[in-house]
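Chains as they are written, first to last, in the numbering used here: chain A, 392 to 547; chain B, 392 to 547.
Protein chains: 2
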Amino acid sequence: MNGDRGGDTDLRSFAVKLRRMTAEYNRIAHEFAADHGLHNTDVQALIMILDAPSPITPGRLREELNLTSGAITACLDRLERAGHIRRVRDVHDRRVVHVHYLDAAKDVAAAFFRPLARSTDHVLRRFSPEELRTVAAFLDAVNDELGVLRATPGST
Amino acid sequence: MNGDRGGDTDLRSFAVKLRRMTAEYNRIAHEFAADHGLHNTDVQALIMILDAPSPITPGRLREELNLTSGAITACLDRLERAGHIRRVRDVHDRRVVHVHYLDAAKDVAAAFFRPLARSTDHVLRRFSPEELRTVAAFLDAVNDELGVLRATPGST
DNA sequence: ATAAGATACTCAATGAGTGAGATAATGTAG
DNA sequence: CTACATTATCTCACTCATTGAGTATCTTAT
């Protein structure tokens with residue numbers, strides 16, 4: 392309405408776009424979870440487990456997913472019962488558990504990500520390498536900022 | 392590994408960036424919900440209610456959040472009880488309900504979005520108007536594709 | 001040894017979500 | 001105007017994920 396010079400590039404419109412994106416993503420994840428007899432949390436956990444560079448621990452999962460220890464144990468129980476993961480005790484520190492994913496988890500993740508990857512691919516094709524570098528820089532910047540945000544105490 | 396000419400702009404890295412973004416966003420939302428005595432679903436619903444151009448109906452919320460009618464009713468009950476929204480029967484079609492938000496909802500939303508908006512703003516400042524147009528186009532494209540994805544039957 | 005701290009698990013209680021069905025308003029025939 | 005189908009929301013009994021306090025096991029420091 393005012394201050395909109397040329398494009399759809401003001402703060403509000405970006406916020407809406409980003410919000411809409413996460414909403415769509417969540418909906419898809421939720422739908423997928425239901426289709427595969429999993430729960431939201433299980434899918435989230437599975438993604439964290441698969442994305443982690445080295446086998447993750449229940450404690451770290453607890454932090455990442457922002458759940459209580461009981462919920463994590465239950466979640467891992469479900470995933471283990473369904474054959475997606477396996478718990479392995481650390482050799483050196485026998486208090487800690489490492490979560491290893493099995494083939495079933497990879498299959499599920501592949502099924503989840505294939506359509507998403509296809510969509511992403513369609514989008515990427517439409518942009519030049521230079522434009523994509525710009526977008527990549529933007530996404531990195533957003534991720535950095537959001538990362539800072541969660542570290543901040545909060546404003547209440 | 393192959394075909395990576397120049398930047399961090401291949402399919403996989405974009406998928407990871409987008410995933411990480413939604414994960415961060417969800418974590419923040421979850422944290423915020425807990426701090427304010429709300430639930431994930433309530434926050435999601437509140438955002439949908441506030442983002443809707445005209446008062447939304449429980450039915451559309453059901454579609455957007457991918458929940459059952461019972462869950463939506465319960466969610467709206469909670470939000471109404473907490474003084475965030477009010478249900479208003481449509482005059483012409485008295486079956487439908489319109490969800491109006493009250494000041495309390497706006498306050499909560501403002502508290503939620505202020506830090507996010509600040510973060511977004513920090514990011515936006517670092518890019519030129521032309522770059523931002525590119526990014527906006529990219530986000531729109533992603534949103535369109537994701538929208539298509541949810542309309543598709545699914546692959547199971 | 002002993003104490004203190006960390007990591008994961010157990011379990012009773014809570015309550016969000018499900019899904020079939022009720023309720024009520026609207027549209028459409030005959 | 002009466003019957004039937006449709007749409008939109010709500011009700012309610014049930015399921016099961018999550019909470020949160022407490023327990024068990026292991027590590028580290030004194």
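Don't be surprised by glycine CBs; every beta carbon is placed ideally from N, CA and C.
In terms of Cα proximity to A:Leu-437, the closest of A:Arg-509, A:Ala-502, A:Ala-406 and A:Asp-481 is A:Ala-502. For B:Lys-408, at least one C-beta of chain A is nearer than 7 angstroms to its own C-beta. The DSSP-derived three-state label of B:Arg-480 is strand. Taking a C-beta distance under 7 angstroms as the contact criterion, A:Val-479 and A:His-489 qualify as a contact pair. Under the Cβ distance rule, A:Thr-459 does not count among the residues neighbouring chain B, no pair being separated by less than 7 angstroms. If you check the CB distance, A:Asn-457 and B:His-430 do not come in under 7 angstroms.
Under the Cβ distance rule, B:Leu-402 counts among the residues neighbouring chain A, one pair being separated by less than 7 angstroms.
Note on geometry: alpha-carbon atoms of A:Ile-447 and A:Ala-528 lie some 28 angstroms from one another. With respect to the 7 angstroms criterion, B:Leu-470 and B:Ile-476 are classified as neighbours on the basis of their beta carbons. Burial check for B:Glu-454: the Cβ neighbour count within 10 Å stays below 16, so the residue is exposed. DSSP places B:His-491 inside the beta strand (DSSP E), whose first and last residues are 488 to 492. Shown here for A:Asp-484: not one same chain residue has a beta carbon closer than 6 angstroms to its own, the five before and five after excluded. By the beta-carbon neighbour count (other beta carbons within 10 angstroms, threshold 16), A:Ser-510 is buried. 7 angstroms or more divides the Cβ of A:Leu-530 from the Cβ of B:Pro-506.
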